[in-house]
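Working notes, beginning with the structure itself.
Residue numbers (this note's numbering): 6 to 166.
Rendered as structure tokens:
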């Protein structure tokens with residue numbers, strides 16, 4: 006059986022950025038941190054959710070912002086908006102997510118987007134030796150470390166909750 010094109014694109018990008026984690030394609034979609042943690046046998050906090058937001062800029066434009074947060078956290082959008090100097094953050098609509106990431110909600114990876122997206126990383130993920138994140142498809146995940154994720158994404162560390 007051939008690999009889904011979005012997973013293949015992710016795999017190529019992971020390799021080009023020096024990622025050494027393994028990609029796992031699960032039999033079912035794992036579009037929530039709880040489902041992913043259950044399928045992988047890890048703590049929900051070790052799941053790095055890739056959440057795309059529409060950030061309202063001072064010019065009134067909606068710009069994509071990617072927040073990589075522990076599955077044990079909820080993003081405080083007002084706090085994050087203030088810390089990244091935007092007017093507001095709102096959860097992006099599916100079309101916005103697809104347009105900016107090339108991926109669907111539930112499968113958004115931290116990398117492999119058509120254009121670079123400003124990315125912010127929850128330092129709570131540092132508590133885990135192994136982190137799991139989406140690999141471009143709702144049934145695909147990959148393993149990484151905090152330091153590797155930080156290096157591959159060029160993210161800025163910020164408290165998100």
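For each residue, glycine too, the CB sits at the ideal point set by N, CA and C.
Over the uninterrupted alpha helix (DSSP H) stretch that includes residue i, give me the two end residues.
i, result
"residue 14", "10-21"
Let me know the secondary structure DSSP gives residue i once reduced to three states.
i, result
"residue 34", "coil"
"residue 98", "coil"
"residue 128", "helix"
"residue 43", "helix"
"residue 59", "strand"
"residue 91", "coil"
"residue 153", "helix"
"residue 77", "coil"
Take residue i as the anchor and find which of the options has the nearest alpha-carbon.
i, options, result
"residue 77", "137, 87, 8, 62", "137"
"residue 156", "126, 62, 64, 7", "126"
"residue 87", "60, 48, 134", "60"
"residue 114", "57, 31, 63", "57"
"residue 34", "45, 96, 26, 25", "45"
"residue 24", "12, 153, 163, 159", "153"
"residue 111", "121, 120, 96, 119", "96"
"residue 140", "54, 120, 160", "54"
What is the rounded straight-line gap between the Cα of residue i and the Cα of residue j?
i, j, result
"residue 166", "residue 80", "5 Å"
"residue 148", "residue 94", "28 Å"
"residue 47", "residue 108", "24 Å"
"residue 29", "residue 145", "6 Å"
"residue 40", "residue 18", "25 Å"
"residue 123", "residue 106", "12 Å"
"residue 90", "residue 133", "29 Å"
"residue 102", "residue 16", "20 Å"
"residue 128", "residue 8", "32 Å"
"residue 83", "residue 119", "27 Å"
Specify, as a first and last residue, the run of the beta strand (DSSP E) that residue i falls within.
i, result
"residue 117", "No beta strand (DSSP E) contains residue 117, which DSSP labels as neither H nor E."
"residue 138", "136-139"
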